[in-house]
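Residue numbers (my numbering), protein chains in the order written: chain A, 1 to 398; chain B, 1001 to 1398.
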């Protein structure tokens, strides 16, 4: 009886917590003889690239847990039926009884195929999906481990940017990760202290993006405040669904055919140029928050705890021989409970930001969203505080 | 007798500490009747945009001190003789006896002109320069408030990026702020735990940048490790001194004629394209760390304390009617002392990274630099820690 751990998709700041949670709980439960880790997820399985985690000292694991990123490394491979058959062949050879796979909805889909194939050949394999994604787009979950820490980073980033642009006025356009869902971009509103604080405009993939409307929106804010801070999801698209990034830049794809939106400053630069030339504003900054959003080592304490717990839960379900996807459900303000749902309920599905969290203008979030997000980003999330002091009457009259 | 405070140039994470330090110390010393703040630096002076800081509650100031950015806002104006004459006219009208100006070497130059002009007309004005710049390029100083917090951000950023690129291999190019000096880019090496950790190549403006050498360097690392992480200063230039950014992009200038290097992802994207096309590597990420480097609300505790102290010192020197620039001098490991030098000693001068801190290859920093930097970035700077576990022998033989 060996338990195998692995990780698929993009890293987050708290994956290592889930990994360590699963290892330590599996040891405590004592129902598994050995605990293996696959390097680079399913790719590592077919290559038999395993490490033995059974006896790694707890002190080491606790240091590992504090680090961002995937300690077992990761993969973008999305196995098909043939690939999954190869995985099963290796798992059987290594006498793996449980496979705990940390990842998003693609990862869940891989496990769904695997468990179906295993059942068909009478191989008693327990498959547990451990949720993680900064995109926060898993269905059946209140939120997803990794998202709170990334939201914390984005919230802190715009808190600083707000003050920066107030100091030296202009237009600031910050591009935030998020292909289909605007959860992370929405987090840019988290640190607003007073109404005039930025971001003043938030563009999410949940609404179609129209260039003329965008320019009109920016002009209106700039005319009123002398500055304008914009948060834009990398995945914003026109009414036909085509990403704005691809209206002026050739499609860039990864080795598995996924269209790439991150890793370039092109969208921010394109929008900046539009504002400069159409509105004649001189100081326009285009920033792309980039890969720091998912790897910056400043995790939310709530996220750390919950990521640990879903890992522990996965080990528990594995010991009970229960296949499924671990979920996080909010049961109070703020308290969560954990559960298990069928892999098929989560696999391949995407949860976008609901209308109930988006303002009527379509370019802001509302108080209901902020109430949803605030408890997640950590007990030490910074509060903005502005200097208030009376004006001194002018003496010299021109 | 009124003391005036103001802020010039780009914001940092700890300016508010210097501001609050100066206000509270001036109150304690009791040699000034009122304390004013100029909004937007010298621009606010000529417009008589002053706020009265004399009675702002200490509790409020302590909350303000924790915030990044310039609470009195800032300006890029570099006053000439005529502009300075206008400033003096306003200062005299408002009976300002001391002007404490927080900023970099341009700010020091403004104060130098002002104090010379004031002396010429017999106006007893004390001018104290309070050092701040994320560029760390002030002469006569061991380091400059603002730099440690930005270095902390850059160090943490590359710590996360290292793990991210290890998870999903490729080439990562991160562009870091720094026009003439590579201090901030050098900080990218701060969180390296083992030799193979990134950044593997660091390009600073202290060395000429050659595209063919760059591509050869990247290829060598990529061939060896299967990944390559690069940190590049925005100000890297060819042998003629022309910024690489301007070899393919039109000059962008701010309203005062300074050539702008920040606010665009163009350099990272350009270098990425070169690597993609010349080396045929598919996964190449171009990130530009952008304005978060100077505004992210996660200051170093050492930086916070020292920024507070230079503000307090400035108030002390003002009360003693001593004009000059406050300095930070290292006197131990780690301990600093504060001093005052002539404005002309600092004004308009730039301190670059010395050869003694750069490796022979020219694309890395050495242990001496890391010993210099480590004490500055905060007692809670994160340590990377990698999982180590034995490999499992392969069972299936193809």
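For glycine and all other residues, C-beta sits at the position ideal for the given N, C-alpha and C.
>> Please give the ranges of any beta strand (DSSP E) in the stretch 1309–1341 of chain B, keeping only runs that are unbroken, at least 3 residues long and fully inside the region.
In response: As far as the stretch 1309–1341 of chain B is concerned, its whole beta strand (DSSP E) runs of at least 3 residues are 1324–1332, 1335–1341.
>> Check whether the stretch 338–349 of chain A and the stretch 135–152 of chain A touch, using three or more Cβ-Cβ pairs below 8 angstroms as the test.
In response: In this structure the stretch 338–349 of chain A lies against the stretch 135–152 of chain A, because at least three pairs of beta carbons, one per stretch, are closer than 8 angstroms.
>> Assuming contact is defined by CB atoms lying nearer than 8 angstroms, are residue 365 of chain A and residue 300 of chain A in contact in what I supplied?
In response: No, the Cβ-Cβ distance between residue 365 of chain A and residue 300 of chain A is not below 8 angstroms.
> What does residue 237 of chain A pair with, by DSSP beta-bridge criteria?
Replying inline: A:243.
>> Is it buried or exposed, residue 291 of chain A, if we count other Cβ atoms within 10 angstroms and call 16 or more buried?
In response: Burial check for residue 291 of chain A: the Cβ neighbour count within 10 Å reaches 16 or more, so the residue is buried.
>> So with CB distances below 8 angstroms, who are the chain B contacts of residue 286 of chain A?
In response: For residue 286 of chain A, the neighbours in chain B by C-beta distance under 8 angstroms run, in chain order, 1263, 1264, 1265.
> By the criterion of Cβ-Cβ separation under 8 angstroms, what are the contact partners of residue 1050 of chain B in chain A?
Replying inline: For the C-beta of residue 1050 of chain B, the chain A residues within less than 8 angstroms are, from N- to C-terminus, 391, 392.
>> Taking the alpha-carbon of residue 53 of chain A as reference, which of A:66, A:39, A:328, A:241 has the nearest alpha-carbon?
In response: Residue A:39 is the option with its Cα nearest to residue 53 of chain A.
>> Taking the alpha helix (DSSP H) that residue 343 of chain A belongs to, which residues open and close that run?
In response: Per DSSP, the unbroken alpha helix (DSSP H) holding residue 343 of chain A starts and ends at 343–346.
>> Which residues of the stretch 1190–1214 of chain B have a Cβ closer than 9 angstroms to any Cβ of chain A? Give them in chain order.
In response: Using a CB distance below 9 angstroms, the part of the stretch 1190–1214 of chain B facing chain A consists of 1191, ordered along the chain.
> Where does residue 1397 of chain B fall in DSSP's three states?
Replying inline: Assignment of residue 1397 of chain B by DSSP, reduced to helix, strand and coil, places it in the coil class.
> Just reading off the beta strand (DSSP E) that residue 1045 of chain B is part of, what are its end residues?
Replying inline: DSSP places residue 1045 of chain B in no beta strand (DSSP E) but in the uninterrupted alpha helix (DSSP H) bounded by 1041–1046.
> Alpha carbon to alpha carbon, what distance is there between residue 1118 of chain B and residue 1380 of chain B?
Replying inline: Rounded to the nearest angstrom, the two C-alpha atoms are 45 angstroms apart.
>> Taking the alpha-carbon of residue 331 of chain A as reference, which of A:341, A:372, A:307 has the nearest alpha-carbon?
In response: Of the candidates A:341, A:372, A:307, the one whose C-alpha sits nearest the C-alpha of residue 331 of chain A is A:372.
> Does the stretch 1189–1196 of chain B come within contact of the stretch 1300–1315 of chain B, defined as at least 3 CB pairs closer than 8 angstroms?
Replying inline: No: fewer than three Cβ pairs fall under 8 angstroms.
>> I want to verify the contact list: residues of chain A whose CB lies under 9 angstroms from the CB of residue 1066 of chain B, in sequence order.
In response: The contacting residues are 382, 383, 385.
>> If you follow the beta strand (DSSP E) that residue 252 of chain A is in, where does it begin and where does it stop?
In response: Where residue 252 of chain A is concerned, there is no enclosing beta strand (DSSP E), given that its DSSP letter is neither H nor E.
> Using the beta-carbon of each residue, which ones in chain B are nearer than 7 angstroms to residue 53 of chain A?
Replying inline: Near residue 53 of chain A (Cβ distances below 7 angstroms), the residues of chain B are 1389.
> Between which two residues does the beta strand (DSSP E) harbouring residue 1034 of chain B extend?
Replying inline: In this chain, the beta strand (DSSP E) harbouring residue 1034 of chain B covers 1034–1038.
>> Nearest by alpha-carbon distance to residue 1159 of chain B: which of B:1181, B:1200, B:1125, B:1127 is it?
In response: If we check each option's Cα against that of residue 1159 of chain B, B:1200 comes out closest.
> Who does residue 99 of chain A pair with in a DSSP beta bridge?
Replying inline: According to the DSSP secondary-structure assignment, residue 99 of chain A is paired through a beta bridge with A:4, A:127.
> Where DSSP assigns a beta bridge to residue 288 of chain A, which residues make up the other side?
Replying inline: Answer by DSSP bridge pairing, in chain order: A:175.
>> Distance cutoff 8 angstroms, beta carbons only. Does residue 1395 of chain B sit that close to anything in chain A?
In response: Put simply, the CB of residue 1395 of chain B is near chain A, with a gap under 8 angstroms to one of its CB atoms.
> chain A partners of residue 1156 of chain B, CB-CB under 8 angstroms?
Replying inline: Residues of chain A passing the Cβ test: 296, 297, 298.
>> Taking 8 angstroms as the threshold (beta carbon to beta carbon), is residue 167 of chain A in contact with chain B?
In response: So yes, residue 167 of chain A belongs to the interface.
>> On a Cα-Cα basis, can you pick out the residue from A:46, A:20, A:29 that is closest to residue 56 of chain A?
In response: For residue 56 of chain A, the nearest C-alpha among the options comes from A:20.
> So who's on the other strand from residue 231 of chain A, going by DSSP bridges?
Replying inline: In the DSSP output, where bridge partners are listed per residue, residue 231 of chain A has A:174, A:202.
> Which residues, in order along the stretch 1362–1374 of chain B, keep a beta-carbon less than 9 angstroms from a beta-carbon of chain A?
Replying inline: Flagged: no residues at all.
> For residue 362 of chain A, which residues of its own chain have a beta-carbon under 7 angstroms away from its beta-carbon, when the five flanking residues on both sides are left out?
Replying inline: So the list reads 207, once near-sequence residues are dropped.
> Can you find at least 3 beta carbon pairs, one from the stretch 181–188 of chain A and one from the stretch 1079–1092 of chain B, that sit closer than 8 angstroms?
Replying inline: Per the Cβ contact rule, the stretch 181–188 of chain A is not in contact with the stretch 1079–1092 of chain B (fewer than 3 Cβ pairs under 8 angstroms).
> In angstroms, rounded to a whole number, what distance separates the CA positions of residue 69 of chain A and residue 1320 of chain B?
Replying inline: So the two alpha carbons sit approximately 53 angstroms from each other.
> Can you tell which of A:263, A:6, A:357 has its C-alpha closest to the C-alpha of residue 42 of chain A?
Replying inline: Nearest of A:263, A:6, A:357 to residue 42 of chain A, Cα basis: A:6.
> Is there a Cβ from chain B that is less than 8 angstroms from the Cβ of residue 111 of chain A?
Replying inline: Cβ-Cβ to chain B under 8 angstroms: no for residue 111 of chain A.
>> Please report the straight-line C-alpha distance between residue 146 of chain A and residue 1323 of chain B, rounded to a whole angstrom.
In response: Those two C-alpha atoms are separated by around 52 angstroms.
>> Helix, strand or coil for residue 134 of chain A? Go by DSSP, reduced to three states.
In response: Under the three-state reduction of DSSP output, residue 134 of chain A falls in the coil class, being neither helix nor strand.
> Under 8 angstroms between C-beta atoms, does residue 94 of chain A make it to chain B?
Replying inline: Taking Cβ atoms only, chain B reaches closer than 8 angstroms to residue 94 of chain A, which makes this a yes.
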